[in-house]
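Input: a single structure, listed below in structure tokens.
Now the structure itself:
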């Protein structure tokens with residue numbers, strides 16, 4: 001039997017059968033391929049011959065019939081190329097075969113061809129040289145690559161005869177029409193009998209060859225599928241006839257014999273299909289049965305003694321296994337209670353010593369610390385053997401008489417240290433104890449690794465907690481149900497500012513439907529798998545930027561997300577204030593320049609109008625002068641407003657009693673309001689402190705606000721309310737001017753303080769009043785805002801003790 005060959009009868013049979021089937025398949029596939037290739041060769045040759053026959057027929061017809069007829073019909077010296085040139089006619093006919101996707105390839109070419117399109121190329125020049133060197137050859141045929149495709153090519157030489165020289169000999173003999181069309185340079189100079197051209201016919205091979213390959217491959221696949229089915233049937237038949245009989249025998253033996261040695265013999269019978277192996281296996285099985293019979297006879301004679309010995313051994317083994325289980329259970333309980341490596345070893349070493357009946361035990365950490373733990377306490381550091389490095393690197397226990405060195409490692413890659421055990425002289429370490437010690441070392445290594453990982457997690461958790469709590473903006477960790485898992489102190493404070501409790505759970509109410517921030521954006525972020533940002537404005541006027549960073553875990557309901565909330569109210573107010581200040585500064589510079597440039601001409605216009613009016617003039621001229629003076633005066637007022645707007649204000653030192661200023665302004669303005677039938681009401685709280693501002697600036701602010709309110713309300717039904725309050729917590733005075741007019745549209749509220757913006761009719765306002773109010777409010781260190789509440793409400797906030805470094 002071959003050493004490297006198949007080992008059983010079934011494998012030999014199937015491999016031999018497969019080799020025969022494979023050889024037959026290769027033979028038939030090759031035969032089919034060569035047969036189809038032969039058919040293809042004969043077909044392409046026939047097609048090429050057919051094309052040559054057609055070309056020859058056309059040229060013979062032209063030379064023998066058509067050309068003589070045309071010579072006899074046409075006047076002498078006339079020559080019609082399209083009807084008398086055999087080359088032109090045959091090429092024109094065959095060019096129609098060279099259309100796209102055509103089955104044929106045809107070219108009639110020559111050296112120094114009259115038309116450069118029909119000059120010989122590299123392949124054709126090789127064929128032409130072949131015919132020149134072999135004058136007797138009438139044809140050349142073979143396979144060639146033409147324009148990147150494989151063709152069967154058949155070529156015939158073109159030999160110039162006497163009739164050809166009239167057009168291809170010397171230019172003097174050629175018809176004039178040829179000279180006019182092609183000139184005298186190309187197509188001439190040929191001699192009688194010269195081989196100077198080719199007729200090439202090609203038939204494509206790619207399509208036919210691909211079909212042959214596809215047919216051959218299809219046959220091979222069909223043949224392979226049939227062989228697979230054939231193999232399956234043969235194997236099923238072989239198993240049915242041979243293997244099933246052997247299985248019946250081994251199944252019976254399995255019922256009768258259960259020992260390990262007996263089962264090994266039965267498996268050997270199952271593995272062999274050769275007759276010799278079956279016989280050999282049966283002989284071994286018979287010898288084994290004979291030996292078992294002998295052992296049974298011996299056991300029957302010494303049965304009681306053997307039972308007693310075996311019972312003692314089993315009892316001892318059972319006690320040791322219970323001790324092993326108890327040891328691991330106690331170790332697991334102690335490891336769960338240990339918070340450090342010292343606690344773990346102080347708990348574990350006494351248990352190990354007790355279980356293995358050792359005298360002492362110790363653990364030496366082989367990392368950088370080189371710490372050690374021993375039991376009984378106070379025992380000296382254990383001595384390590386000479387090859388202790390191999391114990392660590394190979395992670396294998398090492399035993400000496402009365403000593404054991406066990407690597408403590410969670411895996412075979414690295415060791416934490418060495419567990420050392422010492423026994424009294426004469427102690428024996430069984431193989432079972434060695435296996436338990438090795439497993440014990442691995443479990444203790446896992447426990448040390450878990451303790452290290454736990455310490456790292458606790459340290460990282462504390463560090464993360466400090467970082468999260470140290471963030472001044474609200475930060476929350478939320479689950480898929482939009483419930484808060486963790487929140488920092490800023491988030492709890494934010495919840496408390498909206499009336500919630502100062503705990504993590506209450507923070508969830510911020511993102512509930514109808515809550516402060518509307519709906520919870522976490523679901524959308526988890527479904528999209530990307531960070532979301534949005535800005536939310538709450539009822540008390542504050543604006544928050546809410547950013548959601550999803551942490552995907554399975555479905556959207558299982559995921560979590562980090563929500564970062566930032567109060568951007570002051571940023572938005574500061575940005576709006578900066579933009580408004582920039583506008584005011586730009587317009588102020590422009591207004592100052594315009595006012596100074598226009599004011600002088602207006603003064604001249606008004607002066608001369610007064611002179612005309614004082615002189616002798618007609619009534620009509622006097623009326624026209626009055627109109628000039630009126631509009632010039634109006635323009636001067638506008639320019640004065642521009643100058644007041646652009647001119648820097650003087651902040652006079654001193655403190656102002658706001659109650660007195662408000663009362664004076666209202667009393668002065670009430671006379672003008674009563675003429676229109678508008679009521680003005682004033683309300684002030686007690687104890688409003690004095691304020692360090694310019695009294696003239698406050699009066700100008702109140703005058704502009706009251707004038708705007710008076711222009712906005714209806715006559716006889718209008719009402720204007722002026723109120724003053726003091727916010728002691730912010731140390732500011734709040735001045736409010738409201739009316740019952742139509743109010744200011746929400747779209748216009750952002751532009752109402754822009755210079756030259758006005759909602760009044762044309763000619764009734766300059767659009768500078770509220771711009772002046774805005775500028776004065778900021779110069780005084782305060783703010784001014786507008787809103788609608790049954791009419792327009794302007795609110796001015798001024799600090800009582802203004803800082804010299806800027807406004808609020």
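In the working numbering, the protein residues as written are 1 to 808.
Heads up, the beta-carbon is just placed ideally off N, CA and C, and yes, glycines get one too.
The structure displayed is predicted, hence computed values, not measured ones.
Hey, how far is the Cα of residue i from the Cα of residue j?
i: residue 16; j: residue 234; result: 12 Å
i: residue 694; j: residue 780; result: 8 Å
i: residue 700; j: residue 665; result: 9 Å
i: residue 350; j: residue 360; result: 9 Å
i: residue 152; j: residue 199; result: 14 Å
i: residue 659; j: residue 688; result: 7 Å
i: residue 725; j: residue 534; result: 36 Å
i: residue 816; j: residue 25; result: In the structure displayed, the chain extends from 1 to 808; residue 816 sits before or after that span and is not available.
i: residue 179; j: residue 171; result: 7 Å
i: residue 456; j: residue 392; result: 24 Å
i: residue 692; j: residue 564; result: 41 Å
i: residue 532; j: residue 575; result: 23 Å
i: residue 380; j: residue 363; result: 11 Å
i: residue 737; j: residue 625; result: 41 Å
i: residue 92; j: residue 107; result: 10 Å
i: residue 187; j: residue 105; result: 24 Å
i: residue 334; j: residue 340; result: 11 Å
i: residue 702; j: residue 524; result: 50 Å
i: residue 70; j: residue 34; result: 52 Å
i: residue 476; j: residue 562; result: 6 Å
i: residue 655; j: residue 661; result: 12 Å
i: residue 657; j: residue 469; result: 46 Å
i: residue 90; j: residue 67; result: 13 Å
Give the range of the alpha helix (DSSP H) segment to which residue i is assigned.
i: residue 143; result: Unbroken run through residue 143 is the beta strand (DSSP E), 140 to 146; no alpha helix (DSSP H).
i: residue 388; result: 388 to 394
i: residue 769; result: 769 to 779
i: residue 125; result: 122 to 133
i: residue 72; result: 67 to 73
Quick one, are the C-beta atoms of residue i and residue j less than 9 Å apart?
i: residue 474; j: residue 493; result: yes
i: residue 396; j: residue 385; result: no
i: residue 398; j: residue 388; result: yes
i: residue 215; j: residue 192; result: no
i: residue 402; j: residue 423; result: yes
i: residue 667; j: residue 772; result: no
i: residue 159; j: residue 195; result: yes
i: residue 741; j: residue 714; result: yes
i: residue 776; j: residue 734; result: no
i: residue 352; j: residue 332; result: no
i: residue 449; j: residue 416; result: yes
i: residue 749; j: residue 708; result: no
i: residue 47; j: residue 203; result: yes
i: residue 830; j: residue 155; result: Residue 830 lies beyond the range of the chain shown here (1 to 808); nothing can be said about it.
i: residue 21; j: residue 230; result: yes
The beta strand (DSSP E) with residue i in it runs from where to where?
i: residue 445; result: From DSSP, residue 445 is part of no beta strand (DSSP E) but of the alpha helix (DSSP H) over 431 to 470.
i: residue 154; result: 149 to 159
i: residue 477; result: 475 to 479
i: residue 204; result: 195 to 204
i: residue 788; result: 783 to 788
i: residue 544; result: 543 to 551
i: residue 567; result: 560 to 567
i: residue 408; result: 403 to 408
i: residue 483; result: That residue, residue 483, is in no beta strand (DSSP E); it is neither H nor E in DSSP.
i: residue 531; result: Element bounds for residue 531: n/a, residue is neither H nor E.
Would the C-beta of residue i count as close to the ligand COA, meaning under 8 Å from any of its heavy atoms?
i: residue 83; result: For the ligand COA, the structure offers nothing, since it holds no ligand at all.
Practice item. Any chance you could list the alpha helix (DSSP H) runs of at least 4 consecutive residues sitting entirely within the stretch 338 to 370, in chain order? Key: Correct list: 341 to 355.
Practice item. Would you be able to state if there are at least three C-beta pairs under 8 Å between the stretch 122 to 141 and the stretch 25 to 35? Key: The answer is no - the stretch 122 to 141 does not touch the stretch 25 to 35, with fewer than three Cβ pairs under 8 Å.
Review point. Which runs of the alpha helix (DSSP H) fall wholly inside the stretch 676 to 736 and span at least 4 residues, in chain order?
Key: Listed in chain order, the complete alpha helix (DSSP H) runs (minimum 4 residues) inside the stretch 676 to 736 are 695 to 712.
Point to revise | Touching by the beta-carbon criterion (3+ pairs, under 8 Å), the stretch 461 to 479 and the stretch 430 to 443 | key: They do not touch, by the three-pair rule.
Check your understanding: With a cut-off of 8 Å, do at least 3 Cβ pairs link the stretch 721 to 731 to the stretch 681 to 696?
Key -> Contact holds between the stretch 721 to 731 and the stretch 681 to 696, because three or more Cβ pairs, one in each stretch, are under 8 Å apart.
**Study point:** contact_flag[the stretch 561 to 568, the stretch 542 to 553] where n(CB pairs < 8 Å) is 3 or more
**Key:** Yes: at least three Cβ pairs fall under 8 Å.
Exercise for review: Count the CB pairs spanning the stretch 164 to 176 and the stretch 72 to 87 that are closer than 8 Å, and state whether there are at least three.
Suggested key: Short answer: they touch.
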